[in-house]
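Engineer:
Protein chains in written order, with this note's numbering: chain A, 1 to 178; chain B, 179 to 381.
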C-alpha cells in the first residue's frame, strides 16, 4: 500500500487504539499492566476530539472540561464516533508525561516531559549537550511507553480475542455509560 | 516550542534509505550543504536551512556541534517575508514610469510588466523584516528515527524536502499502521494486519 492509501484507509487503527485506551484506562482504574513491560498509569485528561471517520463529511465533536464532562465523549462514541485526539497522562514509576495523541498522523501535541535539572546542577563542562541528552532520553522513554501500549492493543486487535472478548466488552462499556 | 522547552509538539518519522559512504562524513556534508542561507524561491520564502538547535544564527557548526553521541541535533530555520500588495504596486508604478521615461516607450508589454513585478518583489522581500521560524530536529541515527518539533503541514513539507536534498534520505511519517507493521513479527500477523478493517464500537 502506498503512503496516501495508508493515511486514508488505515487511520481507523489509531482511532481504535485511542478509544480502546480510554476503555482500558477506565476499566482498570487508570492502571494498565502492559504485558512484558510495566504498569502504566493512563489517565484521560480534559481534552478530546471525536470523529466519524468513515463518512464523506466527518463531524468533529470537541470536548474540553473536567473528567465528568468527558461523558459527552461517551455520547459521541454511542453515535459511532471514535477518538481522533485526546490529552492523556502517562506515568510509570520513573517518570510522568502528558501528551495530546493524534490518531490520523500518530503525532504528539504538546508532549510534556519531566523537568530537566537546571544546568548548575549538571557538570560544569557538559553545557547544552548534557541537557540535550537528558531531554532526548526522556523523549525516547515517552515513545517507549506509547509504543508498548500500542503493541498491547495491536496484539489484541489481530487476535481472536478481539472479536470474542475485547470488542464485546468495549461495546458493553459504551452502552452502559450515561 | 522547541525540544528544549518543557512541552513540545512532535512528528515522528521513519528514515527510508541508507547513507552511502562513511556515515558521519556524509552527515557532515549534508548538514553543511543544507545549512541556512538566503534563498531565491517563489512565494514568501527568503531563507531556508539548518542551524544550531541552541542558536538559530549559527549555521557554521564549529566542531560539528550538531553531533550529540548518536543523535544529530539541528533546527530548520525558515525565513519568510511578505511584501504588502500596495507597497509592491507603489514601487511598480514608480519603476514603470521611470522605465518608460528612459526608453521613451508608451507602455510595457504584459511580459515586461510581469518580469518587472517579479524583480521588484524579490528586491522588496530582501528589504522587509523576515518572519523567522525555527523548528527543532532530533535525528536518532542508531534507530533510524527523526523527531520534528512541529505539526504544521507547510513546515513538515519543507522539512521533508530539505532533509532529502541534504542527506538523500526519505522521511516517512510513522503512522499507526506503519508502526504496527514494525511492531509485529511474523508473516501471518502482518497479513492479518493488512486485512484489518474498521470495527464498529457501537453496541
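Using N, Cα and C, we set each Cβ at its ideal position, and we do this for glycine too.
(1) Enumerated in chain order, which unbroken segments of the beta strand (DSSP E) with a length of 3 residues or greater are wholly contained in the segment 96-142 of chain A?
(2) Run through DSSP, which three-state label would residue 351(B) get?
(3) Would you say residue 286(B) faces chain A, with C-beta separation under 8 Å as the test?
(4) According to DSSP, what are the bridge partners of residue 91(A)?
(5) Mind checking who residue 258(B) pairs with in its DSSP beta bridge?
(6) Assess contact between the segment 248-256 of chain B and the segment 332-342 of chain B, defined as three or more Cβ pairs (one per stretch) separated by less than 8 Å. Is contact present?
(7) Could you please give me the residues that DSSP links to residue 184(B) through a beta bridge?
(8) Of all the residues that make up the segment 135-162 of chain A, which are near chain E by a beta-carbon distance shorter than 9 Å?
(9) So with Cβ pairs under 8 Å, would you call residue 7(A) a contact of chain B?
(10) Pairs of beta-carbons, one from the segment 288-300 of chain B and one from the segment 226-235 of chain B, closer than 8 Å: are there three or more?
(11) Measuring straight from C-alpha to C-alpha, what distance separates residue 5(A) and residue 277(B)?
(12) Residue 324(B) and residue 197(B): beta carbons closer than 8 Å?
(13) With 9 Å as the limit, tell me which residues of the segment 14-29 of chain A have their beta carbon closer than that to any beta carbon of chain B; keep them in chain order.
(14) Reducing DSSP to helix, strand and coil, say where residue 316(B) ends up.
(15) With residue 33(A) as the anchor, note down where its beta strand (DSSP E) starts and where it stops.
(16) Can residue 154(A) and residue 361(B) be called in contact, C-beta distance under 8 Å?
(17) Closer than 8 Å, CB to CB, is residue 112(A) near chain B or not?
(18) Given this structure, state the Cα-to-Cα distance separating residue 344(B) from residue 98(A), to the nearest angstrom.
(19) Please report the straight-line C-alpha distance between residue 182(A) and residue 235(B), rounded to a whole angstrom.
(20) Expressed to the nearest angstrom, what Euclidean distance is found between the alpha-carbon atoms of residue 383(B) and residue 157(A)?
(21) In chain order, which continuous runs of the alpha helix (DSSP H) of length 4 or greater are located wholly inside the segment 259-298 of chain B?
(22) Applying the 10 Å Cβ sphere with the 16-neighbour rule, what's the burial state of residue 51(A)?
(23) Strictly below 8 Å CB to CB, what residues from chain B border residue 167(A)?
(24) Within 10 angstroms of its Cβ, does residue 179(B) collect 16 or more other Cβ (buried), or is it exposed?
(25) Should residue 44(A) and residue 22(A) be called a contact, given that it needs their Cβ atoms to be closer than 8 Å?
(26) Assign residue 151(A) to buried or exposed, taking buried as 16 or more other Cβ atoms, counted over all protein chains shown, within 10 Å of its Cβ.
(27) Who are residue 85(A)'s beta bridge partners in DSSP?
(28) If you run the structure through DSSP and keep just helix, strand and coil, what is residue 245(B)?
(29) Should residue 368(B) and residue 359(B) be called a contact, given that it needs their Cβ atoms to be closer than 8 Å?
(30) Which two residues bound the contiguous beta strand (DSSP E) that contains residue 326(B)?
(31) Around the Cβ of residue 351(B), are there at least 16 other Cβ atoms within 10 angstroms (buried) or fewer (exposed)?
(32) Could you name the residues of the same chain whose beta carbon sits closer than 8 Å to that of residue 371(B), not counting the 5 residues immediately before and after it, in chain order?
(33) Which whole-angstrom value is the C-beta distance of residue 214(B) and residue 227(B), which I expect to be below 8 Å?
(34) Say whether chain B places a C-beta atom closer than 8 Å to the C-beta of residue 42(A).
(35) For residue 237(B), which residues from the same chain have a beta carbon less than 6 Å from its beta carbon, with the 5 sequence-adjacent residues on both sides left out?
(36) From what residue to what residue does the alpha helix (DSSP H) around residue 14(A) run?
Structural biologist: Looking at the atomic coordinates:
(1) Whole beta strand (DSSP E) segments, 3+ residues: 96-102, 107-112.
(2) Against the second chain, residue 351(B) aligns to sequence position 173. Residue 351(B) falls in the strand class under three-state DSSP.
(3) Sequence index remark: in the second chain, residue 286(B) carries index 108 (1-based). So no, residue 286(B) is outside the interface.
(4) Counted from its first residue, the first chain places residue 91(A) at position 91. Listed as beta-bridge partners of residue 91(A) by DSSP are 41(A), 96(A).
(5) As a position in the second chain, residue 258(B) is number 80, starting the count at 1. In the DSSP assignment, the residues bridged to residue 258(B) are 223(B), 309(B).
(6) yes
(7) Counting from one through the second chain, the residue named residue 184(B) turns up at place 6. Secondary-structure assignment with DSSP links residue 184(B) through no beta bridge to anything.
(8) In the displayed structure, chain E is absent; the protein chains listed are A and B.
(9) Looking up residue 7(A) in the first chain gives position 7. Closer than 8 Å: yes.
(10) no
(11) Taking the first residue of the first chain as position 1, residue 5(A) is located at position 5. Taking the first residue of the second chain as position 1, residue 277(B) is located at position 99. Going by the C-alpha atoms only, they are around 53 Å apart.
(12) Counted from its first residue, the second chain places residue 324(B) at position 146. Counted from its first residue, the second chain places residue 197(B) at position 19. No.
(13) 14, 15, 16, 17, 19, 20, 23
(14) Locating residue 316(B) in the second chain gives position 138, where the first residue counts as 1. If DSSP states are grouped into helix, strand and coil, residue 316(B) belongs with the strands.
(15) As a working mapping, residue 33(A) is identified with position 33 in the first chain. First-last of the beta strand (DSSP E) with residue 33(A): 31-33.
(16) As a working note, residue 154(A) is residue 154 in the first chain. As a working note, residue 361(B) is residue 183 in the second chain. Yes, they are a contact pair.
(17) Here residue 112(A) is taken as the residue at index 112 of the first chain, counted from 1. Closer than 8 Å: yes.
(18) Taking the second chain and counting its residues from 1, one reaches residue 344(B) at position 166. Taking the first chain and counting its residues from 1, one reaches residue 98(A) at position 98. Going by the C-alpha atoms only, they are around 33 Å apart.
(19) Look at the range of chain A in this structure, 1 to 178, and you will see that residue 182(A) is not part of it.
(20) What is shown of chain B runs 179 to 381, which leaves residue 383(B) out entirely.
(21) 263-281
(22) Here residue 51(A) corresponds to residue number 51 of the first chain, with the count starting at 1. The residue is buried, with at least 16 neighbouring Cβ atoms inside 10 Å.
(23) Against the first chain, residue 167(A) aligns to sequence position 167. Within 8 Å Cβ-Cβ: 377, 379.
(24) The residue labelled residue 179(B) in the question sits at position 1 within the second chain. Its Cβ having fewer than 16 others within 10 Å, residue 179(B) is exposed.
(25) On the first chain, residue 44(A) is found 44 positions in, with the first residue counted as 1. On the first chain, residue 22(A) is found 22 positions in, with the first residue counted as 1. In this structure, residue 22(A) lies closer than 8 Å to residue 44(A) by Cβ.
(26) Start at 1 with the first residue of the first chain, and residue 151(A) comes out as number 151. Residue 151(A) is buried by the Cβ-count criterion.
(27) On the first chain, residue 85(A) is found 85 positions in, with the first residue counted as 1. According to DSSP, residue 85(A) bridges with 49(A), 102(A).
(28) Within the second chain, numbered from 1, the residue matching residue 245(B) stands at position 67. If DSSP states are grouped into helix, strand and coil, residue 245(B) belongs with the strands.
(29) Counting from 1 along the second chain, the entry for residue 368(B) is found at position 190. Counting from 1 along the second chain, the entry for residue 359(B) is found at position 181. Contact: yes.
(30) Within the second chain, residue 326(B) is the residue found at index 148, counting from 1. Segment 323-326, the beta strand (DSSP E) holding residue 326(B).
(31) On the second chain, residue 351(B) is found 173 positions in, with the first residue counted as 1. The residue is buried, with at least 16 neighbouring Cβ atoms inside 10 Å.
(32) Here residue 371(B) refers to the residue found at position 193 of the second chain. Cβ neighbours of residue 371(B) beyond the five flanking positions: 355, 358, 359, 362.
(33) What you label residue 214(B) is simply residue 36 of the second chain in a count that begins at 1. What you label residue 227(B) is simply residue 49 of the second chain in a count that begins at 1. Contact holds; Cβ gap of about 3 Å.
(34) For the purposes of this step, residue 42(A) is taken as the residue at position 42 of the first chain. Not closer than 8 Å to any Cβ of chain B, the Cβ of residue 42(A) fails to qualify, so no.
(35) Here residue 237(B) refers to the residue found at position 59 of the second chain. Same-chain partners within the cutoff: 213, 214, 229.
(36) On the first chain, position 14 is the one that residue 14(A) refers to. Looking at the DSSP string, the run of the alpha helix (DSSP H) that includes residue 14(A) is 11-27.
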